[in-house]
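The structure appears below as C-alpha cells.
Number of protein chains: 2
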Amino acid sequence: MPLLGLLPRRAWASLLTQLLRPPCASCTGAVRCQSQVAEAVLTSQLKAHQEKPNFIIKTPKGTRDLSPQHMVVREKILDLVISCFKRHGAKGMDTPAFELKETLTEKYGEDSGLMYDLKDQGGELLSLRYDLTVPFARYLAMNKVKKMKRYHVGKVWRRESPTIVQGRYREFCQCDFDIAGQFDPMIPDAECLKIMCEILSGLQLGDFLIKVNDRRIVDGMFAVCGVPESKFRAICSSIDKLDKMAWKDVRHEMVVKKGLAPEVADRIGDYVQCHGGVSLVEQMFQDPRLSQNKQALEGLGDLKLLFEYLTLFGIADKISFDLSLARGLDYYTGVIYEAVLLQTPTQAGEEPLNVGSVAAGGRYDGLVGMFDPKGHKVPCVGLSIGVERIFYIVEQRMKTKGEKVRTTETQVFVATPQKNFLQERLKLIAELWDSGIKAEMLYKNNPKLLTQLHYCESTGIPLVVIIGEQELKEGVIKIRSVASREEVAIKRENFVAEIQKRLSES
Amino acid sequence: MPLLGLLPRRAWASLLTQLLRPPCASCTGAVRCQSQVAEAVLTSQLKAHQEKPNFIIKTPKGTRDLSPQHMVVREKILDLVISCFKRHGAKGMDTPAFELKETLTEKYGEDSGLMYDLKDQGGELLSLRYDLTVPFARYLAMNKVKKMKRYHVGKVWRRESPTIVQGRYREFCQCDFDIAGQFDPMIPDAECLKIMCEILSGLQLGDFLIKVNDRRIVDGMFAVCGVPESKFRAICSSIDKLDKMAWKDVRHEMVVKKGLAPEVADRIGDYVQCHGGVSLVEQMFQDPRLSQNKQALEGLGDLKLLFEYLTLFGIADKISFDLSLARGLDYYTGVIYEAVLLQTPTQAGEEPLNVGSVAAGGRYDGLVGMFDPKGHKVPCVGLSIGVERIFYIVEQRMKTKGEKVRTTETQVFVATPQKNFLQERLKLIAELWDSGIKAEMLYKNNPKLLTQLHYCESTGIPLVVIIGEQELKEGVIKIRSVASREEVAIKRENFVAEIQKRLSES
Numbered sequence: 003m004p005l006l007g008l009l010p011r012r013a014w015a016s017l018l019t020q021l022l023r024p025p026c027a028s029c030t031g032a033v034r035c036q037s038q039v040a041e042a043v044l045t046s047q048l049k050a051h052q053e054k055p056n057f058i059i060k061t062p063k064g065t066r067d068l069s070p071q072h073m074v075v076r077e078k079i080l081d082l083v084i085s086c087f088k089r090h091g092a093k094g095m096d097t098p099a100f101e102l103k104e105t106l107t108e109k110y111g112e113d114s115g116l117m118y119d120l121k122d123q124g125g126e127l128l129s130l131r132y133d134l135t136v137p138f139a140r141y142l143a144m145n146k147v148k149k150m151k152r153y154h155v156g157k158v159w160r161r162e163s164p165t166i167v168q169g170r171y172r173e174f175c176q177c178d179f180d181i182a183g184q185f186d187p188m189i190p191d192a193e194c195l196k197i198m199c200e201i202l203s204g205l206q207l208g209d210f211l212i213k214v215n216d217r218r219i220v221d222g223m224f225a226v227c228g229v230p231e232s233k234f235r236a237i238c239s240s241i242d243k244l245d246k247m248a249w250k251d252v253r254h255e256m257v258v259k260k261g262l263a264p265e266v267a268d269r270i271g272d273y274v275q276c277h278g279g280v281s282l283v284e285q286m287f288q289d290p291r292l293s294q295n296k297q298a299l300e301g302l303g304d305l306k307l308l309f310e311y312l313t314l315f316g317i318a319d320k321i322s323f324d325l326s327l328a329r330g331l332d333y334y335t336g337v338i339y340e341a342v343l344l345q346t347p348t349q350a351g352e353e354p355l356n357v358g359s360v361a362a363g364g365r366y367d368g369l370v371g372m373f374d375p376k377g378h379k380v381p382c383v384g385l386s387i388g389v390e391r392i393f394y395i396v397e398q399r400m401k402t403k404g405e406k407v408r409t410t411e412t413q414v415f416v417a418t419p420q421k422n423f424l425q426e427r428l429k430l431i432a433e434l435w436d437s438g439i440k441a442e443m444l445y446k447n448n449p450k451l452l453t454q455l456h457y458c459e460s461t462g463i464p465l466v467v468i469i470g471e472q473e474l475k476e477g478v479i480k481i482r483s484v485a486s487r488e489e490v491a492i493k494r495e496n497f498v499a500e501i502q503k504r505l506s507e508s
Numbered sequence: 003m004p005l006l007g008l009l010p011r012r013a014w015a016s017l018l019t020q021l022l023r024p025p026c027a028s029c030t031g032a033v034r035c036q037s038q039v040a041e042a043v044l045t046s047q048l049k050a051h052q053e054k055p056n057f058i059i060k061t062p063k064g065t066r067d068l069s070p071q072h073m074v075v076r077e078k079i080l081d082l083v084i085s086c087f088k089r090h091g092a093k094g095m096d097t098p099a100f101e102l103k104e105t106l107t108e109k110y111g112e113d114s115g116l117m118y119d120l121k122d123q124g125g126e127l128l129s130l131r132y133d134l135t136v137p138f139a140r141y142l143a144m145n146k147v148k149k150m151k152r153y154h155v156g157k158v159w160r161r162e163s164p165t166i167v168q169g170r171y172r173e174f175c176q177c178d179f180d181i182a183g184q185f186d187p188m189i190p191d192a193e194c195l196k197i198m199c200e201i202l203s204g205l206q207l208g209d210f211l212i213k214v215n216d217r218r219i220v221d222g223m224f225a226v227c228g229v230p231e232s233k234f235r236a237i238c239s240s241i242d243k244l245d246k247m248a249w250k251d252v253r254h255e256m257v258v259k260k261g262l263a264p265e266v267a268d269r270i271g272d273y274v275q276c277h278g279g280v281s282l283v284e285q286m287f288q289d290p291r292l293s294q295n296k297q298a299l300e301g302l303g304d305l306k307l308l309f310e311y312l313t314l315f316g317i318a319d320k321i322s323f324d325l326s327l328a329r330g331l332d333y334y335t336g337v338i339y340e341a342v343l344l345q346t347p348t349q350a351g352e353e354p355l356n357v358g359s360v361a362a363g364g365r366y367d368g369l370v371g372m373f374d375p376k377g378h379k380v381p382c383v384g385l386s387i388g389v390e391r392i393f394y395i396v397e398q399r400m401k402t403k404g405e406k407v408r409t410t411e412t413q414v415f416v417a418t419p420q421k422n423f424l425q426e427r428l429k430l431i432a433e434l435w436d437s438g439i440k441a442e443m444l445y446k447n448n449p450k451l452l453t454q455l456h457y458c459e460s461t462g463i464p465l466v467v468i469i470g471e472q473e474l475k476e477g478v479i480k481i482r483s484v485a486s487r488e489e490v491a492i493k494r495e496n497f498v499a500e501i502q503k504r505l506s507e508s
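In order, the protein sequences belong to chains H and Y. Once you know that position 308 of the first sequence is 310 in the numbering used here, the rest is easy, because the numbers rise by one and skip nothing. Once you know that position 124 of the second sequence is 126 in the numbering used here, the rest is easy, because the numbers rise by one and skip nothing.
Spelled out as C-alpha cells, the structure:
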C-alpha cells in the first residue's frame, strides 16, 4: 500500500471510510484486496491535494525547466565553448552549489542582486553561489594553489527580479575561464581576449566588439576629476550603467542620488565619451590630468602592451579602448573587458534584441588574498561567457527562421508490418544497441506500420529496419530509407554491418 | 580604491590611520597616491578577516570541490552513460536546482534524509531537489506531457550524515533515464534493465547482478504473512536494509522497533531468502500463500513476461528475482530493481570496497497523478545510475594501479630556446588555435628551454614547436616529439599542416 505512511491526517478519515467497504469479489476474505486498498490510497491523496487550495504546480519564481529543445541548443553552444577552453589548455573543475555564507559576503558590491540563503537547519550558514569566480578564489586559497588555468561550467543563483523577455533568470548557467598565477604582464590577459574572440566568432552571432578598460584608469579618472575616494565604487557602478542608460540619466544618478558635485560629473562625462584603438591609449598618456595619476599611467602602460599582443594575435580590430567601461563587480583590480554584439540578428517581424554584453571579465589580483589567512595574493585574470544570452539569441533566431531541431539522435527504427512480431523486434533492436547503433521501436505488441513510419518522419529517424512474415521466411531484413522511401532486402546476418555502412556514409 | 565601500566598520579606523600618513614621493600632492590607498585598503581587509577568528576557509559540511583529476574521470563515465541513454532514444532535460517545498514533501518515505530548505527571504518556500524523479513527474503533470523518454544528469542534495569513505556526500550527481507513458506491459521495463546492463558492462566494473522484484509482490508477501496494512511501508524500509544488515538485525528492528509479531517476521524471513531466475517466478505462482493474493499474482505475471523479454535481449543471466529487494523510496508501484557488483575490484593492499548498489530503479505509476489536479495518471518506469559510487570505484582502482590521468588535452607546446621570442611565439600559437589545435605556451617573456620541455613532459603534451634565431633565419619551425626527442625542421608556412598530419596519425 504505497504512500500510506505519508498521508496527511485529514485524509485518513476518507481513506478509512473506503477501507470499510465490503471486500470485492476477488478478495479471499482473510487477505484484504490490494487493488481496493491502493485505489483508496490514491483517492485520498488526491483529496489531500485538493484540500490544499493554494498548491499550484509550477517552478519557483524566476526559474524554468529546460525542455529537450532548449537542451539541444545548449549542448551545441556549450560544446563549442568548452572545446575552446580546452584548446587553450584549461582544466575542468567544479565546486559545490552552496558555500559558507561568509565566503560570499562582501565580494560583489552595491548593485549585486540578493544571495539565496539556505535555511538554518542546524549547522553552518550557507548561501547558493552567486558566480563561479569567488568559489574559484576560495578553492585556490584553500588548497594553496599558486598557478592554475581552469574552466568551470555551472549554475549560479541570484535573487534579482527576473526580466524573462531578455533571457534573464534567477537560476542561470555560467561558463568561466580563468588563469591564476604570477606571470609576465598582459600575456594571460591577451589570451583571455583571444578566447572571447574565438568563441564569439565560432558561434557566428554576427559582428562583435570587445570594450577594454582598466580599473586603475577608471579610479585614476575619478581621482583627477575630483571624485572623493569614498565614492569611487558607487560612481563606478553608475558608470557601469552607461550601456543601458543615457549619459544624462547616469549623470543625474551620480549628482542627485550619490551626491557628486555637478562639475565633477561633467569632467567624468568628457572622459567616458572617449573610445578608440591603441591611438587613444597614446592620447591618454598625454592627457594633462590623467597623465598626472600614477595608477592611471600603470593602467595605460599595460593597455599599450596588451594592444601589442592583440595585434600579434590578429584581433586588435575587434578591441576598443573605452573609458566608459567600468564593470559592476567590486573585485576587479586591472584590465576589464566586455563583449557586445554589433548587429543584433533581427529580421522582419522579429522583436529587436537588447541582449547587453555576451561575454565579460577582467583582472582580479586581490580576491584570493582575501581568503588567505596571511593575505598571500594570487593574481588572476578571467572571463565569463554570457551563455544564457547566447542561448536566447540562438533560440530566437531559430524561431524566426522556423528551424527545427531534432531532440533525439536515433538512427534506426525497428518496425514490423504484421502482428505478433514483438519477439523478433526485440531481438533485432538488442543487436543494434549492442553494436552501438542508436535505435528505437514502439512499446506496443502490435503497432500499425503507418504509426511506426509516421513516428520516424516526425522525429527525424533516417533508417527503418522492417521484419515481417515474408522477411522471416526468406531470412532477410528490409532496410528502408525514410527520406527516399526506398527499401532493400539484406540477409538477416548482414543487416547490422549494412546499417553501419550506411550510417558511416551519411 | 577597490572594495572600500565594503569594509567592515571596525576596519575603518585602521584604514584612516594609514591614509593620514604623508603622501609618498611619487604623489602629486593634489591627487592622492593610489598605490598607497590600495595598499591601505588591502591591509585593512586583511585585518578585517583576522578580526573574524571563526572564519575558516572550507566547503560546506558534506560537500567537496571536484579537482581536475576528479573531473576527467567523471567526464569519461558520464559520456559513456549519456551515450547509452541517447542510444535508446532519450531526450535531454533539466529542471531548477530547487522546487517549491510542497512539490517535494510527502514523496520519499521514512528513511529519506533531510531536505535542504532555502531561507524564507520573502516569497515562496523552496527546497533543493532531493532526486530527479519527483521534478520529472512535476514537469510531466505541469506540461500535461503524456509520453516522454528522457534522461537527466544533475546534482541533487540530501542532508544525510556524510560517510565520506564510501563516496557519499550531501551534494551528488544523479543520472536518470525514465520512460513515461501508457504502453504494453513490461516492454519499457525490460529496456530499462537492458540499459543498466549496457552501462555496467561498458564501464568494465567487473561482474554484476541485477536484483528484480515487484512492489505488488512485496506488499502481497506482507499481506499473506500477516503484516498490518498500516505497517507496510515501515516494514518495507526495514527489508530494504537487508543488503547492509543481517536478517537477524532486520528481524530485531521489525519486531522491537516496529512492533511486528515475531511469527509474522519469521514468515517474511522465509520469503526474503528466496532468489533465483524465472523458475523462482514459476515456483511463487504455486506458493500456497502468495498465490492467494491478487496483487502478488499480478506482479508475478509481469515478472514472467519481463523475463521473456530479458531473454530476447540476451541479458536474463544477469537478472535475479530476489524477494528481499524492497527499495527504500515510497513512490514505486510495480517492478523494482537494483544492480550490485559481484566482485569488488580489490587488489593486494587495497581496502575492500563496500559500495552497495550501483544502479537502481523501478516503476512508479502513481507519482505524476499526485501532481495533476484531476489525478490523471501517467505510468512511468526508470532507472538511476549510481555514478558517484562508480566514480569512487574507478578512482580507487586508478589509485591502486598508480594510473595517472592527463587533466588537459593540449597537443602542442610553443617553445623557444632564446630570449626575445615572445612575439614569434604569440604569432605561432594564434595560428595553432585558429586551426583548432590545442596549444599552450608559458606566460613568460623569456622562459628557459628546459623549463618549457619539463612542462611538456609533466603535463603529457606530445609535440613541441620550437622557434629560435636559427629557425627564424632559415624560415623554418622545428617540430619535436616529446616522447622520442626527435626534431625535424618544417617550412614556416607548412608547420600547421604538418602538425595536423601528425596529430591525425597518432
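Each residue gets a CB set at the ideal place from its N, CA and C atoms; glycine is no exception. All values reported here derive from a predicted model rather than from experimental measurement.
When the Cα atoms are used, Y/Phe-423 and H/Arg-217 turn out to be separated by approximately 30 angstroms.
When secondary structure is reduced to three states using DSSP, H/Asn-215 falls in the strand class.
For the 7 angstroms CB-CB criterion, H/Gln-297 and H/Gly-222 form a contact. Excluding the 5 residues flanking it on each side, H/Val-252 has same chain C-beta neighbours closer than 8 angstroms at Ser-240, Ile-241, Lys-243 and Leu-244, in chain order. Excluding the 5 residues flanking it on each side, H/Leu-195 has same chain C-beta neighbours closer than 7 angstroms at Ile-212, Leu-312, Ile-317, Ile-321 and Tyr-339, in chain order. For Y/Asp-81, there is no enclosing beta strand (DSSP E); the enclosing alpha helix (DSSP H) has its first and last residue at 70-89. Boundaries of the beta strand (DSSP E) harbouring Y/Val-478: 478-483, taken from the DSSP string.
By the neighbour-count criterion, in which 16 or more other beta carbons inside 10 Å mark a residue as buried, H/Val-258 falls on the exposed side.
H/Met-117 carries a coil assignment under DSSP once its states are collapsed to helix, strand and coil. With 16 or more neighbouring CB atoms inside 10 Å of its own CB, Y/Ile-237 falls in the buried class. Of all residues in the segment 383-404 of chain Y, none comes within less than 8 angstroms of chain H when Cβ atoms are compared. Taken through DSSP and simplified to helix, strand or coil, H/Asp-289 comes out as coil.
Here the alpha carbons of Y/Val-147 and Y/Tyr-141 stand approximately 8 angstroms from one another. Per DSSP, Y/Val-158 is one residue of the beta strand (DSSP E) stretching across 150-159.
If you check each beta-carbon in the segment 118-133 of chain Y against every beta-carbon of chain H, the ones closer than 7 angstroms belong to Tyr-118, Asp-119, Leu-120, Lys-121, Gln-123, Gly-125, Glu-126 and Leu-128. Secondary-structure assignment with DSSP links H/Ser-326 through no beta bridge to anything.
DSSP places Y/Gly-316 outside both helix and strand once states are collapsed to three, so it counts as coil. According to the DSSP assignment, Y/Val-360 belongs to the beta strand (DSSP E) that extends over 359-365. H/Thr-65 places its beta carbon less than 7 angstroms from that of H/Glu-173. Inter-residue distance for Y/Gln-425 and Y/Leu-130 is about 51 angstroms (C-alpha atoms, whole angstroms). Scanning its chain for C-beta atoms nearer than 7 angstroms, with the 5 sequence neighbours on each side dropped, one finds around H/Leu-302 the residues Ile-219, Val-283, Met-286 and Phe-287, in chain order.
In this structure, H/Leu-292 is the residue among H/Lys-109, H/Leu-292 and H/Met-400 with its C-alpha nearest to the C-alpha of H/Leu-325. Look at H/Ile-59 here: in three-state DSSP terms it is coil, with no helix or strand label. Within a 10 Å sphere around the beta-carbon of Y/Asp-81 sit fewer than 16 other beta-carbons, which makes this residue exposed. Here H/Lys-493 is bridged, per DSSP, to H/Val-478. Taking C-alpha positions only, Y/Ile-270 is separated from Y/Phe-224 by approximately 7 angstroms. Looking only at H/Asn-145, H/Arg-365, H/Phe-138 and H/Met-247, the smallest Cα-Cα distance to H/Pro-187 is reached by H/Arg-365.
The C-beta of Y/Ile-59 comes closer than 7 angstroms to at least one C-beta of chain H. Relative to H/Ala-485, the option among H/Glu-310, H/Gly-228 and H/Thr-461 whose CA is nearest is H/Thr-461. Sequence-distant Cβ neighbours of H/Lys-379 in its own chain, meaning closer than 7 angstroms and more than five residues away, are Asp-367, Gly-368, Val-370 and Gly-371. Annotation for H/Ala-143: the continuous alpha helix (DSSP H) segment containing it runs 135-144. Taking the Cα of H/His-72 as reference, the smallest distance to any Cα among H/Leu-102, H/Cys-175, H/Lys-260 and H/Gln-123 is reached at H/Cys-175. Scanning its chain for C-beta atoms nearer than 6 angstroms, with the 5 sequence neighbours on each side dropped, one finds around H/Val-396 the residues Val-75, in chain order. Annotation for Y/Ser-129: the continuous beta strand (DSSP E) segment containing it runs 128-130. With respect to the C-alpha of Y/Ile-501, the residue from Y/Pro-464, Y/Gln-472, Y/Pro-381 and Y/Gly-470 having the closest C-alpha is Y/Pro-464. For Y/Pro-98, the chain H residues whose Cβ falls inside 8 angstroms of its Cβ are Thr-61, Pro-62, Thr-65, Arg-66, Asp-67 and Glu-173, in order along the chain.
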